[in-house]
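Note that the protein sequences, when read in sequence, are chains Y and L. The first sequence begins at 505 in my numbering and counts up by one. The second sequence begins at 505 in my numbering and counts up by one. All C-beta atoms in this analysis are idealised placements derived from N, C-alpha and C, irrespective of residue type, glycine included. All values derive from a computational prediction rather than experimental measurement. Here the structure is laid out as C-alpha cells; the discussion comes afterwards.
There are 2 protein chains.
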Amino acid sequence: MSTDPAAVASSAPSAPSAGPEPPPGLERDRLARVALCRLAEPGDPRMAGLVAELGAVRVHDHLAGEQDVDGVLKDVASRLRGLDPVRELEQAARLGIRFVVPGDAEWPIQLGDLDRAEPLQQRGGVPLGLWAKGPLRLDTFAESVSVVGSRSSTSYGTDIARDLAAGIANADVGVVSGAAFGIDQAAHRGALAVRGPTAAVLACGVDRAYPKAHKPLLDYIAEVGVVISELAPGCAPMRMRFLSRNRIIAAMSKGTVVVEAAIRSGALNTANWAERLSRPVMGVPGPVTSAPSQGVHQLIRAGSAMLVTSAVEVLEVVGVAGAHLLEDPRADTRPRDRLREREQQVLDAVPAARPAAVDSIARTAGIGLVEVRSVLGRLQQVGLVVSTDTGWVLGEEART
Amino acid sequence: MSTDPAAVASSAPSAPSAGPEPPPGLERDRLARVALCRLAEPGDPRMAGLVAELGAVRVHDHLAGEQDVDGVLKDVASRLRGLDPVRELEQAARLGIRFVVPGDAEWPIQLGDLDRAEPLQQRGGVPLGLWAKGPLRLDTFAESVSVVGSRSSTSYGTDIARDLAAGIANADVGVVSGAAFGIDQAAHRGALAVRGPTAAVLACGVDRAYPKAHKPLLDYIAEVGVVISELAPGCAPMRMRFLSRNRIIAAMSKGTVVVEAAIRSGALNTANWAERLSRPVMGVPGPVTSAPSQGVHQLIRAGSAMLVTSAVEVLEVVGVAGAHLLEDPRADTRPRDRLREREQQVLDAVPAARPAAVDSIARTAGIGLVEVRSVLGRLQQVGLVVSTDTGWVLGEEART
Chain Y
505 MSTDPAAVAS
515 SAPSAPSAGP
525 EPPPGLERDR
535 LARVALCRLA
545 EPGDPRMAGL
555 VAELGAVRVH
565 DHLAGEQDVD
575 GVLKDVASRL
585 RGLDPVRELE
595 QAARLGIRFV
605 VPGDAEWPIQ
615 LGDLDRAEPL
625 QQRGGVPLGL
635 WAKGPLRLDT
645 FAESVSVVGS
655 RSSTSYGTDI
665 ARDLAAGIAN
675 ADVGVVSGAA
685 FGIDQAAHRG
695 ALAVRGPTAA
705 VLACGVDRAY
715 PKAHKPLLDY
725 IAEVGVVISE
735 LAPGCAPMRM
745 RFLSRNRIIA
755 AMSKGTVVVE
765 AAIRSGALNT
775 ANWAERLSRP
785 VMGVPGPVTS
795 APSQGVHQLI
805 RAGSAMLVTS
815 AVEVLEVVGV
825 AGAHLLEDPR
835 ADTRPRDRLR
845 EREQQVLDAV
855 PAARPAAVDS
865 IARTAGIGLV
875 EVRSVLGRLQ
885 QVGLVVSTDT
895 GWVLGEEART
Chain L
505 MSTDPAAVAS
515 SAPSAPSAGP
525 EPPPGLERDR
535 LARVALCRLA
545 EPGDPRMAGL
555 VAELGAVRVH
565 DHLAGEQDVD
575 GVLKDVASRL
585 RGLDPVRELE
595 QAARLGIRFV
605 VPGDAEWPIQ
615 LGDLDRAEPL
625 QQRGGVPLGL
635 WAKGPLRLDT
645 FAESVSVVGS
655 RSSTSYGTDI
665 ARDLAAGIAN
675 ADVGVVSGAA
685 FGIDQAAHRG
695 ALAVRGPTAA
705 VLACGVDRAY
715 PKAHKPLLDY
725 IAEVGVVISE
735 LAPGCAPMRM
745 RFLSRNRIIA
755 AMSKGTVVVE
765 AAIRSGALNT
775 ANWAERLSRP
785 VMGVPGPVTS
795 APSQGVHQLI
805 RAGSAMLVTS
815 AVEVLEVVGV
825 AGAHLLEDPR
835 ADTRPRDRLR
845 EREQQVLDAV
855 PAARPAAVDS
865 IARTAGIGLV
875 EVRSVLGRLQ
885 QVGLVVSTDT
895 GWVLGEEART
C-alpha cells in the first residue's frame, strides 16, 4: 500500500503527491478540468471523448470563446466564464479535498481503459478528474478488488462480504466499493477491521454523506482510506450518477466480486462494466432459495462470472499478492488414504451392514485366510472395520 | 413414463416385458449371466470385457469346462457347476424380482455407454444384468436425471433435493438415486410426492434394505417405482459395491445433479462417472460457509459441473421434456421500465438525498421548466419521485 502520510501532512490537499511541484502546463490542465467538470454531467462520453482527443485546455478555451451569430456568448460559454476553478480548488483544499488529474503521480492509470470501452446506458469515458479526500494515494488501488452487491443484503451476504474484504485487505490489496447499505458497507468495514486499504467511490461530492446514515463510516474512510468522486464537492447524488459511478468502481480495480445481487441489482451494472473492461467478474454463490443470490447465480450460469468462495480464490483470479496462499480445500487425511493395496482389497470385501465371517471375506477378496485375518486386525486398529460376534463389518471411519 | 401394469401383473416377474416369449437363445444367455454374476464382483471390468467380446454363454461354457493339467476341474469351473441359475430365477420371481438382460425389451440401452468408458477405481463395464423389483420398466429411465448428494446433508440440501426431484418427476422425467440417507432419500421422496417415476439403485441385493432405516421407503419404491441392483438377491452391501453402483446411477440417466457434497463425498464419484460418460454434471450451489456445499462449489469452479438452481434449469441441460417451461428468472416489471425518454431524463436529474427545486432539476436535465413540472407530476403518481417542502427527491420506487 503506497500511503505516504508525510507527503499528505506536509503538502496542501490539492497537491497530495510527494515530489516536485507539477509543471505549469499540468496546472492549467487541472483548472480546465475543474471547469469542464462543472459543465457536463460526469460520465458524459461526448465530453470525455473531446478531452481525450483535444486536451482539456483546448476544449475549455474553445467552449469559453463560443459566440452565436450576433456575437453574443453562447450559454455554455457564459456558464464557463462564470466559474472560478482556482477558488473551487482552494475551497476544496480547506475541506481536505484534492482534485487528482491524469499526469499526477497518484493518478490511477488503470482508469485509462475506460477510453477504449463502449458506453453503457449513455455513460462512459475516462473521468476528467477525481475529487479525493483521505490519506491514501489513488495509485494505491492499482492492486485492488471491488466488492459490491445488494443494498438489501441478508446477514449471510454481509458476513461473507466482510470476511472476503478482510481477507483481501489483509493481503494488502485494496478494497473498492460504493459505501451503500448492505454489501458495500460490509466490504468497507471488513477492510477497515484489518486496517487494510479501502476506497469509497461516491455518486455525489466527497464532502457529502450518502446514504446519510453512513456519515460516520465515510468520515472514518476519509481519515484512514480515501473517499473518491468525479463529482465536485457539493454535488447531489442522482440516479444517473450512480450508473456513472459504477464504471469507476469497476475500472479502478483488477476485478469485481458480486456478493449478493437480486436480478435487478445495481451491482450487476458494475459487473457489466467490469466485463466491458475485460476485468474478471466473480460471484459468491448462496442458497438458491435466496432472492439476493439469484442475480449472482445468473451471472455464473451465463458464464459472465466465476464462482468464488473465499478471499484466496479472489486473489488468485486477479493474480495479485497472496495468491500463493491458495490451496484447494480438502478434507483431513484419513486412515483410508494410507492403506496399502492388500488392505484396500480386504476393506472392499467387508460388508457395510450384516457382519461377515473371515472366510467369506477372504473368498470375496480372493486372498488367503491367514493374510485376511492379519489385515483385518490392522484395519480394526484404525477404526475401519469392527469385529462382532457374528463376524466383521465396516467401522465408522470407513463409512464417510 | 412407460409403466405397463397389465404386463407386470399378467407375466411372471422374471419376464416382465410385454410381448411374445423371448427366444430360447436369450434365455440361455440370461442363465449364463445369472451364473457369471455370482462368480465375479459386479463392475469387474475384466468380466464385462470378456462378455462384451465373446458373449455370456461362451464365457460361461469356457470357464465351466476349464481343467488343470491333471484333468481336475479348476476352482472357478467347480464353483460355476455348483450354481443353479434356473432355481435362482425362480426364487427371485417368488420375491417379485426379475433379472433384466441386454436384449430384453425393457433393458436400458443407455448403459451400453459403459462399454466405452475407462474404468474408475478398477470398476467399470456394462452390468451383466440388472435385478429389478417394482412395476416400472427399466426403459422408463431412458429419460431420467440422477439426483445425488451427501448423506450428511443439511435441511437446506434435503429441501432443495426434494423440490428439484419433484419438479423433474412432475415433468414425467425419472429420478434416479441411491436410497442413501440425506440427499438420496430426499430425491426419491420428492419424486414419490408427485407420483413421478423413481428408481433406487442399490449396492446390495434388491431384497435387502440398506440402510436398514430406509426399509419402508424401499418397500414403497418397489411398489410404485423400481429398485435395481446388479447384485443378486441376498448380496450384502460392501464398500467397493457402492463404487460399482455409482457408475450405474450415472449411466442410467441423461445427467447427474449433485445437491450437496462435502469435498470427499461419494456423490463426487457418481459425478465423476457422469463426466466420464460425457453426461452433463450439474451442481446446486449453497452457502459458501456450508461444508456440504464445498464439493459442489469445487465441481463448478473446476468447470466439471454447471450451476443449476431449479428443476427447469436441470431439464433444459439434459434436453428433455419440460425444457420449454424454462424462463430466466426476472423481477416484476416496475414503473421505471415503462418510462418514456423525457420521463427518464427528468428522473435521472432528481436527487436521491436532499430535495431539489424544480428549476434546479430542469437545469440538470436540460429541459424546460413547464415540461419538467408536468413530468414530475406523472412520476409522482407512480411513486418514482416525492414532493417535499423543499423540493423533489427520489421516491421508494426509484431506489431499488
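- L/L624 is bridged by DSSP to L/R627.
- Listed by position along chain L, the residues whose Cβ is nearer than 8 Å to that of Y/D852 are M742, R743, M744.
- Residue-level contact by beta carbon holds for L/H801 and chain Y, with a gap shorter than 7 Å.
- Y/A726 and Y/L706 do not touch by the CB rule: their CB atoms are close to 11 Å apart, not below 8 Å.
- Taking a C-beta distance under 7 Å as the contact criterion, L/L634 and L/I753 do not qualify as a contact pair.
- Cβ-Cβ separation between Y/V800 and Y/G807: approximately 13 Å, too far for a contact (criterion under 8 Å).
- Less than 7 Å divides the Cβ of L/S757 from the Cβ of L/V649.
- Within chain Y, the C-beta atoms nearer than 8 Å to that of L/G790 come from P789, G790, P791, V792, in chain order.
- Around Y/Y660, the beta-carbon contacts reaching into chain L at under 8 Å are P791, T793.
- Judged by DSSP in its simplified three-state form, L/F685 adopts coil rather than helix or strand.
- By the beta-carbon neighbour count (other beta carbons within 10 angstroms, threshold 16), Y/T658 is buried.
- In terms of beta-carbon proximity, L/I804 lines the interface with chain Y, with at least one pair separated by less than 7 Å.
- The way I'd put it, the stretch 604-615 of chain L doesn't touch the stretch 740-749 of chain L; fewer than three beta-carbon pairs between them come closer than 8 Å.
- Residues of the stretch 854-885 of chain L whose Cβ lies closer than 8 Å to any Cβ of chain Y, in chain order: V854, P855, A856, A857, R858, A860, T868.
- Remark: C-beta atoms of Y/A544 and Y/H564 do not approach each other more closely than 7 Å.
- Every alpha helix (DSSP H) stretch that sits fully inside the stretch 522-579 of chain L and reaches 4 residues is listed by chain position as 528-543, 549-558, 560-569.
- Beta-bridge partners of Y/K637 (DSSP): Y/I601, Y/V731.
- Close partners of Y/A902 in chain L (Cβ separation under 8 Å): R743.
- Checking the DSSP bridge columns, you'll see Y/V761 partnered with Y/V651, Y/M786.
- In the assembly as shown, L/V763 is a buried residue. Its beta-carbon has 16 or more other beta-carbons within 10 Å.
- The count of Cβ pairs closer than 8 Å, one atom from the stretch 637-644 of chain Y and one from the stretch 660-671 of chain Y, stays below three, leaving the stretches out of contact.
- In the DSSP assignment, L/V818 falls within the alpha helix (DSSP H) that extends over 815-822.
- As a beta-bridge residue in DSSP terms, Y/T702 pairs with Y/V679.
- Across the set Y/A697, Y/A778, Y/Q571, the C-alpha of Y/A778 shows the shortest separation from the C-alpha of Y/M786.
- Each of L/K716, L/V730, L/M744, L/A740 was checked against the Cα of L/Q625, and the nearest Cα belongs to L/M744.
- By the neighbour-count definition (other C-beta atoms within 10 Å, threshold 16), Y/D688 is a buried residue.
- In the three-state scheme derived from DSSP, where H, G and I count as helix and E and B as strand, Y/D893 is classed as coil.
- Close partners of Y/Y714 in chain L (Cβ separation under 8 Å): A856, A857.
- The alpha carbon of L/P546 has as its nearest neighbour, out of L/D676, L/E592, L/T702, L/C708, the alpha carbon of L/C708.
- For Y/T813, the closest Cβ of chain L is nearer than 7 Å.
- In the structure shown, the three-state DSSP call for Y/A726 is helix.
- With the criterion set as a beta carbon lying under 7 Å from some beta carbon of chain Y, the stretch 720-732 of chain L has no members that meet it.
- Inter-segment contact for the stretch 850-860 of chain L and the stretch 871-885 of chain L is present: three or more beta-carbon pairs are separated by less than 8 Å.
- A direct Cα-to-Cα measurement between L/E901 and L/V728 gives close to 51 Å.
- Within the same chain, C708 come within 6 Å of L/A740 by CB-CB distance, once the 5 residues on both sides are set aside.
- DSSP, read as helix, strand or coil, puts Y/A609 in coil.
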